[in-house]
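Enquirer: Numbering (the working numbering), first residue to last: 9 to 264.
Backbone N, C-alpha and C define an ideal beta-carbon position, used for all residues, glycine too.
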Ligand code: 13P
């Protein structure tokens, strides 16, 4: 089954609103209308930049989705500092990253949180980009596949097949994030294949074949072709290289 690739930029905690508008405009200026027929493009700026970035793409009729980098699962209430799926939806977001390893390691995000966030996003009609990935210690121990499939299992707990079909998974080995040390295409494809098999076991062959599974971790113009050519890799979740319009757009073009 041909799966439409997804290229998503995770800006992390970078860009003030002024800078975000400039970067969004630079991406929009380079964007061609037919790109989005071939690739789903998403950018995930900090919360404070979301609306401004959305406005740039909306004004230019650029079919580039905007997403959050995290979310809380309740709709509203006394949750100081949190943002709800409803709020993201209301300002035009279509996607949201959840379970990023930086949130898991630095902010105590658990598998259970990821599962609750996935359900809340789906209920609001937003696409969760569910991140999974092992540390170097886990890889060295030889238990990567077990570790990552356990994360997938937990993230999808209690989610029906029709809802699961709305999700995107991003495999991001922690040792490859921001380190310049990319997983080889073989390493990345192997884990993405194992994730796909887990989805088939949890749901069906159809769903597994349709699920977009992205690779993330030091993806750049030098290594994108090899990664994208892998049968189980359907795009990228890009950090550093998404912070420059030229490199982000070159990565998008590599998927076409
Ligand atoms: P880098 O591309 O900077 O390694 O970041 C990857 C990432 O964490 C995307 O979510």
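Could you please give the first and the last residue of the uninterrupted beta strand (DSSP E) stretch that includes residue 48?
Expert: Looking up residue 48 in the chain shown gives position 40. That run of the beta strand (DSSP E) goes 48-52.
Enquirer: Does residue 184 pass the burial test, meaning 16 or more other C-beta atoms within 10 Å, or should it be called exposed?
Expert: As a first step, residue 184 is located in the chain shown; it is residue number 176 there, counting from the start. The Cβ neighbour count for residue 184, taken over all protein chains shown within 10 Å, is at least 16; the residue is labelled buried.
Enquirer: Is it buried or exposed, residue 71, if we count other Cβ atoms within 10 angstroms and call 16 or more buried?
Expert: Position 63 of the chain shown, counting from 1, holds the residue named residue 71. By the 10 Å Cβ count, residue 71 comes out exposed.
Enquirer: Mind the definition here: the region 53-68 touches the region 109-123 only if three or more C-beta pairs lie below 8 Å; say whether that holds.
Expert: no
Enquirer: Between the region 15-27 and the region 43-50, do three or more beta carbon pairs fall short of 8 Å?
Expert: Cβ pair count under 8 Å is three or more, so yes.
Enquirer: Is the distance from the Cβ of residue 222 to the Cβ of residue 245 below 7 Å?
Expert: Within the chain shown, residue 222 is the residue found at index 214, counting from 1. Within the chain shown, residue 245 is the residue found at index 237, counting from 1. It is a contact, given that the beta carbons lie within the stated cut-off.
Enquirer: Assuming the contact rule is C-beta atoms closer than 8 Å, residue 106 and residue 125 should be a hit. Round their C-beta distance to whole Å, please.
Expert: Taking the chain shown and counting its residues from 1, one reaches residue 106 at position 98. Taking the chain shown and counting its residues from 1, one reaches residue 125 at position 117. Right, the Cβ-Cβ distance comes to about 4 Å (below 8 Å), so this counts as a contact.
Enquirer: Given the structure, does residue 18 come close to the ligand 13P, in the sense that its CB is under 6 Å from one of the ligand's heavy atoms?
Expert: Numbered from its first residue, the chain shown carries residue 18 at position 10. Residue 18 Cβ: within cutoff of the ligand 13P.
Enquirer: By the DSSP assignment, the alpha helix (DSSP H) with residue 203 in it spans what residues?
Expert: Here residue 203 refers to the residue found at position 195 of the chain shown. Unbroken alpha helix (DSSP H) run through residue 203: 193-210.
Enquirer: Report buried or exposed for residue 69, applying the criterion of at least 16 other Cβ atoms within 10 angstroms of its Cβ.
Expert: For the purposes of this step, residue 69 is taken as the residue at position 61 of the chain shown. Answer is exposed; the Cβ neighbour count stays below 16.
Enquirer: Is the beta carbon of residue 176 sitting closer than 7 Å to the one on residue 220?
Expert: Here residue 176 refers to the residue found at position 168 of the chain shown. Here residue 220 refers to the residue found at position 212 of the chain shown. Yes. Within cutoff.
Enquirer: Below 6 Å, is the gap between the Cβ of residue 245 and the nearest heavy atom of the ligand 13P?
Expert: Position 237 of the chain shown, counted from the start, is the residue given in the question as residue 245. True, at least one ligand heavy atom lies under 6 Å from that Cβ.
Enquirer: In terms of alpha-carbon separation, which member of 101, 248, 20 and 162 lies closest to residue 226?
Expert: As a first step, residue 226 is located in the chain shown; it is residue number 218 there, counting from the start. Measuring from the Cα of residue 226, the nearest candidate turns out to be 248.
Enquirer: Any chance the region 90-98 sits against the region 60-68, with 3 or more Cβ pairs inside 8 Å?
Expert: no
Enquirer: Taking just the CA atoms, how far does residue 181 sit from residue 191?
Expert: By 1-based counting over the chain shown, the position of residue 191 is 183. By 1-based counting over the chain shown, the position of residue 181 is 173. Computed Cα separation, rounded: 8 Å.
Enquirer: Below 7 Å between beta carbons: does that hold for residue 99 and residue 59?
Expert: Along the chain shown, one-based indexing puts residue 99 at 91. Along the chain shown, one-based indexing puts residue 59 at 51. In contact: residue 99 and residue 59 (Cβ atoms closer than 7 Å).
Enquirer: Which residue comes first and which comes last in the beta strand (DSSP E) that contains residue 178?
Expert: Here residue 178 refers to the residue found at position 170 when the chain shown is read from its first residue. Element bounds for residue 178: 176-179.
Enquirer: Name the DSSP bridge partner or partners of residue 220?
Expert: The residue labelled residue 220 in the question sits at position 212 within the chain shown. Beta-bridge partners assigned by DSSP to residue 220: 176.
Enquirer: Determine the burial state of residue 242: buried for a count of at least 16 other Cβ atoms within 10 Å of its Cβ, exposed for fewer.
Expert: Taking the chain shown and counting its residues from 1, one reaches residue 242 at position 234. It is buried - the Cβ of residue 242 has at least 16 other Cβ atoms within 10 Å.
Enquirer: Among the candidates 11, 103 and 30, whose CA atom is the shortest distance from the CA of residue 138?
Expert: By one-based count along the chain shown, residue 138 stands at place 130. Checking every option, the nearest Cα to that of residue 138 belongs to 103.
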